[in-house]
Amino acid sequence: MAEEQRSDSELITACLAGDRASWDALIRRYGRFLYAMALRAGLSTCDAEDVFQNACIKLYENLSHVRETGRLAGWLGAVVRQEVALLRRRRAHFALSDLDDELRGGQPEGPSADSPEQRLLATEERLLIRAAVEELSADCRSLLSLLYRESPATYAQVSSDLGVPVGTIGPRRSRCLKRLMTILKERGW
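In this text, residue positions in the sequence shown follow the working numbering: the first is -3, and each later residue adds one.
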């Protein structure tokens, strides 16, 4: 029987047995739905791709727990909504002032920082940084938002929130900041 003609239950059973073709068929069946939902939530194509990927990972991780296969589309829709909400929550906590200090190497702006010109320049720089941050991958944005919010998360909290080993956080942070600096340099900052 062609993979596309099999029920969700049959595909899931085959996936759990290690059948790659069944996994591919399951993703083909629901892929457009997941991606379209993310786009309808107002995400950029890059963010929608990240949400799609995260939803697929959650499906893969939870295949053995899916009981009502007739409601798989609803379950997947809920996962996409959760991923979109998580992405938005992480962005809402992003504190650009801390990131600005990090990118400048912790250098203070100097005694004339209170002048209108300096405040305007600082505002423009923050907007430039915010736009550059939007170009980063969702993983980088999530990591940086946790590390550079008003109450920065500890590495243990970041590890728990993102599901990554503590030992990988520093190197990831470094790669994300390097990518951010590259974007900023491309924009003439």
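Idealized CB from N, CA, C, for every residue including glycine.
Taking every protein chain shown into account, the CB of ILE165 has 16 or more other CB atoms within 10 angstroms, so this residue is buried.
Contact annotation: the region 43 to 55 touches the region 68 to 86, with at least three C-beta pairs closer than 8 Å. It is roughly 47 Å from the alpha-carbon of VAL62 to the alpha-carbon of GLU121. By the beta-carbon neighbour count (other beta carbons within 10 angstroms, threshold 16), MET33 is buried. If you draw a straight line from the Cα of SER147 to the Cα of ARG28, it comes to about 38 Å.
DSSP, read as helix, strand or coil, puts GLY27 in helix. Under the three-state reduction of DSSP output, THR150 falls in the coil class, being neither helix nor strand.
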